[in-house]
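Undergrad:
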């Protein structure tokens, strides 16, 4: 027992993020037991907030319901909602029923917003001040609200109907004369976000303006809450992970802890699509079976040509997909990028095609074989660049995530086209195939 108390005391001295990491390394049973001890020590709420919501929810389910509801009440509302969203509906309702009426309503209101919107990210605990106040009056309120308001980066000015009037810098308030009116300190052109605005768009605003927090308003510009930068970091991380997964045709729902059966169920549809696109390329190769039989060197070089086309196209598609995710690309930019990729394709294709053509000539001693390979490489790389631009734009126009299927479609087209170009050019130029 003494050793357990020493371990718990040592654990409580750590940062909540470090405690959360320790919990993640334990079995669910051990983690739940330790979390209960952290609850007794008052550190459970901050620790759960540092964990992935799915992991937090699993631990909460193993706790006594009253203990779990008390922990949720101590968490910041936005963090508590993230955990509640991962729980079964019956467990969620039971936990909410054990909260005070005020806490239950606050969390229920937040649960009404979609998780991927500004409302799903915000916390309602925002410091709102009247412009009729003095700097000293504002400081007094900030001191009173320091615990309940969580992390305060700015204060927000509102009128009697709670309409957002502007933002107030805590530095300006602290350095102002005590009797100075807040109306003289307010920044009127405050950037805000609508409660139904997409979370990814909110993250772009944080990235653009380098804010620590942004106010959330409704359609009538009434102040509803605030989003802090730590919540947006999670969005940026999740979006980046999703894009990486999609470029490899891996479902975003899969993680390192996903069971083999769930991984199979999630991956198989995409593997089947890749199989079909691979069969399309195989059909093209089969149509030129006699040409391969007569000139065996074509079988050796065709993989090089389609591989370079696919790699070149994926470079383009990846850059465009990332640019779209960051909001850097519009229609006018698209035409400029298309011209750039055509030029790059011509230069890269000429250099790569010339190198492969010279190698084929040195190997087989046939000038026309080297010419056919060089031209096929050049054309395939140019077309791959055009497709690498076109597919992301086409998918976005259809309302689909450009990262989700760009790789599959691009590979299918460059493979089939690369094979066809090589065999058609070889048929036109090589005497043995005429």
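In the numbering used here, the protein residues as written are 221 to 654. Backbone N, C-alpha and C fix where the C-beta goes; we use that ideal spot for every residue, glycine too.
On the DSSP letters alone, give me the boundaries of the beta strand (DSSP E) that residue 376 sits inside.
TA: 374-378
Undergrad: Can you tell me the Cα-Cα spacing of residue 239 and residue 254, whole angstroms?
TA: 10 angstroms
Undergrad: Of the choices 379, 380, 406, whose alpha-carbon is the least far from that of residue 391?
TA: 406
Undergrad: Tell me which same chain residues have a C-beta within less than 8 angstroms of the C-beta of residue 320, skipping the five on either side of it?
TA: Once the five neighbours on either side are set aside, the close Cβ partners of residue 320 are 293.
Undergrad: Give me the residue from 549, 438, 394 with the minimum Cα distance to residue 413.
TA: 438
Undergrad: Output needed for residue 221: all residues of its chain with C-beta closer than 6 angstroms, excluding positions within five of it in sequence on either side, in chain order.
TA: Annotation note: pLDDT 43 at residue 221 (below 50); position unreliable, no value reported.
Undergrad: Within 8 angstroms, do at least three Cβ pairs link the segment 528-535 to the segment 626-643?
TA: Verdict: yes, contact present.
Undergrad: Give the range of the beta strand (DSSP E) segment to which residue 590 is assigned.
TA: Careful: residue 590 lies outside any beta strand (DSSP E), inside the alpha helix (DSSP H) at 587-617.
Undergrad: Below 8 angstroms between beta carbons: does that hold for residue 452 and residue 423?
TA: Against a cut-off of 8 angstroms, the Cβ pair of residue 423 and residue 452 comes out as a contact.
Undergrad: Can you tell which of 544, 443, 643, 400 has its C-alpha closest to the C-alpha of residue 384?
TA: It is 443.
Undergrad: Is it true that the segment 272-283 meets the segment 301-312, where meeting means three or more beta-carbon pairs spaced less than 8 angstroms apart?
TA: yes
Undergrad: By the DSSP assignment, the beta strand (DSSP E) with residue 385 in it spans what residues?
TA: Start and end: 384-389.
Undergrad: At which residue ranges does the segment 492-549 contain complete alpha helix (DSSP H) runs of 4 or more residues, listed in the order of the chain?
TA: 509-514, 517-545
Undergrad: Considering just the uninterrupted stretch of the alpha helix (DSSP H) at residue 447, what are its terminal residues?
TA: No alpha helix (DSSP H) contains residue 447, which is instead part of the beta strand (DSSP E) from 443-448.
Undergrad: Can you tell me which of the three DSSP states residue 297 falls into?
TA: helix
Undergrad: Using 8 angstroms for Cβ pairs, my map puts residue 435 next to residue 376. What's the rounded Cβ distance?
TA: 5 angstroms
Undergrad: Return yes when the Cβ of residue 433 is within less than 8 angstroms of the Cβ of residue 402, no when it is not.
TA: no
Undergrad: Report the CB separation of residue 647 from residue 526 in whole angstroms; it is logged as a contact under 8 angstroms.
TA: Incorrect: roughly 17 angstroms between the Cβ atoms, too far for contact.
Undergrad: Whose C-beta lies closer than 8 angstroms to the C-beta of residue 354 among residues of the same chain, with five residues either side of it excluded?
TA: Counting only Cβ-Cβ distances below 8 angstroms, and skipping sequence neighbours, we find 398, 399, 400, 401, 402.
Undergrad: Could you name each continuous alpha helix (DSSP H) segment of 4 residues or more that falls completely within the segment 315-363, going from the start of the chain to the end?
TA: You should have 321-331, 338-341.
Undergrad: Measure the CB-CB distance between residue 343 and residue 415 and report whether it falls below 8 angstroms.
TA: At the C-beta level, residue 343 and residue 415 stay beyond 8 angstroms of one another.
Undergrad: Look at residue 251 and residue 243 and say whether their C-beta atoms are less than 8 angstroms apart.
TA: yes
Undergrad: What's the call for residue 276, buried or exposed, on a 16-neighbour Cβ count within 10 Å?
TA: It counts as buried.
Undergrad: Taking just the CA atoms, how far does residue 503 sit from residue 511?
TA: Computed Cα separation, rounded: 14 angstroms.
Undergrad: Should residue 569 and residue 593 be called a contact, given that it needs their Cβ atoms to be closer than 8 angstroms?
TA: no
Undergrad: Nearest-angstrom Cα distance between residue 346 and residue 379?
TA: Their backbone Cα atoms lie some 15 angstroms apart in a straight line.
Undergrad: Nearest by alpha-carbon distance to residue 523: which of 501, 382, 410 is it?
TA: Considering only 501, 382, 410, the residue with the shortest C-alpha distance to residue 523 is 501.
Undergrad: Are the beta-carbon atoms of residue 604 and residue 645 separated by less than 8 angstroms?
TA: no
Undergrad: Where does residue 429 land, buried or exposed, given buried means 16+ other C-beta within 10 angstroms?
TA: exposed
Undergrad: Would you please state the rounded distance, in angstroms, between the beta carbons of residue 301 and residue 268? I believe it to be under 8 angstroms.
TA: So it is not a contact: roughly 12 angstroms between Cβ atoms.
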